[in-house]
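Remarks on the structure that follows.
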Amino acid sequence: MTLQPTIGIETHIELNTNTKMFCRCGVVDTEEPNISLCPTCLGLPGALPVPNKKAIEYITLLALSTGCEITTKGMFHRKNYFYPDLPKNYQISQFDLPVGLNGQLEIVIDESTDFIQIERVHMEEDTGKSTHSGTGRIESATSTALDFNRSGVPLVEIVTKPVITSSKQAVAYIEELRQLSIDLNISEGRLEKGNLRFDANISVAPEDSKELGTKVEIKNMNSLRSLERAIDYEIQRQSKAVHDGVEIIQETRHWDENKEVTSTMRSKEGSADYRYFSDPDLPNMYLSKEFVDQVKSSMPQLPNEQREELINTGLSLKQANILSKSDEWIKSLYFKVHQQTKDSEGSYNWITGELQGQMRKANIERLPEWFSHDYLSEIIDLIKNSKISFTSAKIILSQLLEEDSTPNEIAEQKNLFQENDTEKISEMVLQILEENPEKVFINFYFRLIFL
Amino acid sequence: MNCFQTTLRIKVSKDFDIQNIAKLASINLSEDEQEKLAKDLSIILEHVKALSDLELNTEQKEIYIHPLEKELELQEDELVESLTHEEALSNAPESKDGKFVVPPSME
Amino acid sequence: MDIANLPIRKLNTLFNKKDLKPSELYSKIFDNAVGSEASLHAHLTLFEEENIKKAKESDGRFEKGTAQSLLDGIPLAIKDNINIKGYKTTCSSKMLSNYTSPYDATVIKKLKESEALFTGKTNLDEFAMGSSTENSAFGLTKNPWDTDFVPGGSSGGSAASVGARSSIAALGSDTGGSIRQPASFCGLVGFKPTYGTVSRYGLIAFASSLDQIGPITKTVDDSRILFSAISGQDSRDATSIANDQVDIPSDKTAKIGVIKELMEDGISDEARNEVSKVIETLKTSGYEVKEISIPIIKLAISIYYLIAPAECSANLARFDGVRYGLRIDGNTSYEMMENTRAEGFGKEVKRRILLGTYALSAGYYDEYYGKALQARKEMIDEFTRAFNEVDYLISPTTPTQAFKAGEKTSNPLEMYMSDLCTIPANLAGLPAISIPTGVTNDNLPLGVQIMSRALSDESLLNFSEIIEKEIQFDQQPKGWV
């Protein structure tokens, strides 16, 4: 019996608005605790929520970019549960009338595309941050310290339909979603900062089965690497359980980065009863056609559109995908160099390969201000016309990262131009043979061409 | 309207789990309180039975949150300064290094 | 006439004519407080020191002729579920007995701009849940007409204070009648504005879709002045609306309706008599009065006692000992929260939180809360139909006169039933006022309630003033001034 895994992913994206979702406190990135607070985000008695227009524009943009249907008459709901980092002990979220429904996201794995169906896109608010003192692990903590700076930050939750079938697909999906949120300019997309967080729901079932297996939720995957490994581990764990006849319990499991296993979280039995009800502090949210059209008109080029454009310059899907997920300056550089040289492979290879490699080695994050795309075009042309070798080109490039010059100048300076005229070469060879007969004799057996 | 066409079908569950409700509400009730409150709730729910048996016309999804059917007004994303760090912590039962401190939270 | 008995406009005239100083008025008011608080316990705290200073500042303004507002120098009592920065806001609960507000409610900000004085914070049923002030964790308030009787609730302290003249007027809050009922029990005017016309920012929430702040005063005009000062759309309250008043007639071209269902069983003879008295007066003045039936009113208690507890169960979840208020320790934060809430909340509050939690819980939502929301919409529609026929709806404010402490606390339903007349206005978001019309055989006052369509507050006040002039209820509780 072959088992087929079914995976769904829930992603939370922190929006990079100026202020929080339901109050006008600043969204801050600081170590200083509890400095961006008001009665609303601190959950003081008598405080009330007021929604952030920009956040609604951003979520609408995201929903539109994934082809979702926009809910014209939506509302906010209270999701009720008790936890110290949740100031009101309910989270303002959306239940059955989310902003976006039934969309999809195109993902790329190597040279093929796929579509991941999106169930819903909804708006909610973030919680504060807990730090457990003691050993740093929850189980043996002696106390918990709370910082509410993050409380109330706008979060968009995107839930896929259970259509993902491998860890590779899951990773490609997150990579795409991340890039989309960066291109839409609604998030910084930095996983290590928690701008994007994800949980996975995984089940396995026999290939021909019409029903899905028992769903297990996996939390605490903090990187793409852990996402991939956690999914692979869990699929294996569940498959083994099925083969051994062991029941799979519906639960939430925690990915342990160090041990590289998923383990049962110490949580309450049964699924939580959130007692969702429409938030009486927030009237119905009517998103008019004008509003949606206005948001639509601000839509920038999406990653998949960019890939199409890149493929049209002559790149493969894989190459286009890599570029579409690179920083803006790299994409921009490629287009400029390609326009001048008409050489897609060359432009691509030089930028993504040698240039980025050298910059990494030299510990440079951005191109120096004198560095122009013209230089790369010049280098590519020089190679095309066999004026310099690859090795020389690398040397030139490295020099350009250090000093303000041009490829031709540097080639001149360092005497890197190579001779391509065959007559001249023959002359030079003959001359060398004349001057070094012994060497030629000894080397003759070992070289076919001596230059 | 069908206001008074109540059915004889009694839907109220008299043996609701007071312990479970108290857990959901995060209130540690004494056994004595549990008993008294369970009884009180029974009485009240018995009274509202007439309502829960009603046939009503309005669709739940059409319900307006605001009794006057006001629609939500979205606010511009502009910073407004509010509480100082000291004000925010001024009523904290326990704090350290600028953070609120609580006994360890699980999960 | 004793200055503490005077209405706001008259006091303002005296201030302007320099026949009276604000500090003199405050001194008298404070003396009344000193004389009455021991027996009545209307206030939880008195702001004496601050007020002496503020009254003097007010003196200065009137001296120079720079006083701008009608409320300048007027001492107002504030219900202790409204935040005043720098002072305790306790909601009469152990949970907040040590909580000092770091911010002002919007209504307080507005009143500060009007240069009003705040006598202090008044007693209430804990978290505004109750109809007698017996649910206060800090002791009950007595009715100034007869201290064996309750002043009503939940704004009992505010009403008792105005009744005993330890304030000129007061602010209360009304979720199911908590302004109007105590006003009726204490022989005062109590006004609940159209939902949304007064900001709830800074009012500690009980039931968000029902709560409104409003005045408790000696006269209709005083309520008008206070409403004018505290109303207005607030960007901090997403449920607040622009106060775009709708004009309806208040002269005899206005059509009057008496709510049939509120003149039947469950209503005492005394209460019915007061309504009849008002009807007669109106008819004599040439008004057209007819009976209006609003059948769904019979379900008002059920609807209210599902919606209000449900909303309050979530609104009171924030009281957990983490960031402020009472904290009882525990080994884990869950334990700490559970212990804190067990200790911090009184019986009635626990009852409503649990009822609300149940009404929202999995499997029961549709049956209880969901149904209540639908029924509420139908009630709103029935009122709309009624206001196509009439301009004002009249009913008793309360089924009975004030009761004695302890009389209604055995059965939770009994207390709830006394809200029958007032609840519909909260459910439908309508403006509603109670004006005192008479005194019963037990020498306890009773009022009559008038409601009108949404945003016709000013017309309602005008109409009520006409009745007030006709009825001429000029009695007050003896011995406090």
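Residue numbers (our numbering), protein chains in the order written: chain A, 125 to 575; chain B, 9 to 115; chain C, 30 to 510. Ideal Cβ placement from N, Cα and C applies to all residues, glycine included. Everything numeric in this text was worked out from a predicted model, so none of it was measured.
| Item | Value |
| --- | --- |
| Report yes if the CB atom of residue 203 of chain C is closer than 8 Å to the CB atom of residue 230 of chain C, and no otherwise. | no |
| Are any of the Cβ atoms in chain C nearer than 8 Å to that of residue 244 of chain A? | no |
| Three-state secondary structure (DSSP) at residue 243 of chain C? | strand |
| Between which two residues does the beta strand (DSSP E) holding residue 444 of chain C run? | Here residue 444 of chain C belongs to no beta strand (DSSP E); instead the alpha helix (DSSP H) covers 441-446. |
| Under the three-state reduction of DSSP, which class applies to residue 507 of chain C: helix, strand or coil? | coil |
| Please state if the CB of residue 220 of chain C and the CB of residue 167 of chain C are separated by a distance shorter than 8 Å. | no |
| Mind checking if residue 224 of chain C is an interface residue toward chain B, Cβ cutoff 8 Å exclusive? | yes |
| Counting only Cβ pairs nearer than 7 Å, list the residues of chain B close to residue 351 of chain C. | 108, 110 |
| Is residue 392 of chain A helix, strand or coil when you go by DSSP? | Any reading at residue 392 of chain A must be qualified, since the residue scores a pLDDT of 47, below 50, and its modelled position is unreliable; no value is offered. |
| Which whole-angstrom value is the C-beta distance of residue 111 of chain B and residue 358 of chain C, which I expect to be below 8 Å? | 7 Å |
| Could you tell me which uninterrupted alpha helix (DSSP H) segments, each at least 4 residues in length, are contained entirely in the region 384-445 of chain A, listed from first to last along the chain? | 413-421, 427-436 |
| Helix, strand or coil for residue 234 of chain C per DSSP? | coil |
| Measure the C-alpha to C-alpha separation of residue 194 of chain A and residue 224 of chain A and round it to an integer number of angstroms. | 5 Å |
| Taking Cβ positions only, does residue 231 of chain C come closer than 8 Å to chain A? | yes |
| Can you list, in chain order, the residues of its chain whose CB lies under 8 Å from that of residue 170 of chain A, leaving out five sequence neighbours each side? | 163 |
| Closest to residue 326 of chain C by C-alpha separation, out of C:415, C:241, C:176, C:500, would be which residue? | C:415 |
| Buried or exposed: which applies to residue 504 of chain C, given that a residue is buried once 16 or more other Cβ atoms fall within 10 Å of its Cβ? | exposed |
| For the beta strand (DSSP E) containing residue 224 of chain A, list its first residue and its last residue. | 224-233 |
| Let me check you understand the geometry: is the CB of residue 428 of chain C closer than 7 Å to at least one non-hydrogen atom of the ligand GTP? | No copy of the ligand GTP occurs in the structure displayed, which carries no ligand at all. |
| What does the Cβ neighbour count give for residue 51 of chain B, buried or exposed, with the cut at 16 atoms within 10 Å? | exposed |
| Kindly indicate the opening and closing residues of the beta strand (DSSP E) around residue 474 of chain C. | 474-481 |
| Just how far apart, CA to CA, sit residue 116 of chain C and residue 302 of chain C? | 44 Å |
| Nearest CA to the CA of residue 282 of chain A: which residue from A:322, A:254, A:252, A:255? | A:322 |
| Can you tell me where the beta strand (DSSP E) holding residue 501 of chain A begins and where it ends? | Where residue 501 of chain A is concerned, there is no enclosing beta strand (DSSP E), although the alpha helix (DSSP H) it sits in stretches over 497-508. |
| Please tell me whether residue 213 of chain A has its Cβ less than 8 Å away from any Cβ of chain C. | yes |
| Give me the chain B residues within the contact set of residue 409 of chain C, using Cβ-Cβ distance strictly less than 7 Å, ordered along the chain. | 75 |
| Please decide whether residue 56 of chain B counts as near chain A, where near means a Cβ-Cβ distance under 8 Å. | no |
| Got a sec? Which residues, its chain only, sit under 7 Å from residue 432 of chain C by beta carbon, not counting five neighbours each side? | 178, 179 |
| Residue 75 of chain B by DSSP, collapsed to three states: which one? | coil |
| Would you call the region 439-455 of chain A in contact with the region 223-239 of chain A, where contact means no fewer than 3 C-beta pairs closer than 8 Å? | yes |
| Against residue 61 of chain B, what residues of chain A qualify as contacts under a CB-to-CB distance less than 9 Å, listed in chain order? | The contacting residues do not exist; residue 61 of chain B stays about 21 Å from chain A at best. |
| Going along chain C, which residues have a C-beta under 8 Å from residue 83 of chain B? | 264 |
| Going by C-alpha to C-alpha distance, which of C:455, C:35, C:191 sits closest to residue 222 of chain C? | C:455 |
| By a C-beta neighbour count over all protein chains shown, 10 Å radius and 16 as the cutoff for buried, is residue 367 of chain A buried or exposed? | exposed |
| So for residue 368 of chain A, helix, strand or coil by DSSP? | helix |
| So residue 87 of chain B and residue 150 of chain A are supposed to be a Cβ contact under 8 Å. How far apart are they, rounded? | 5 Å |
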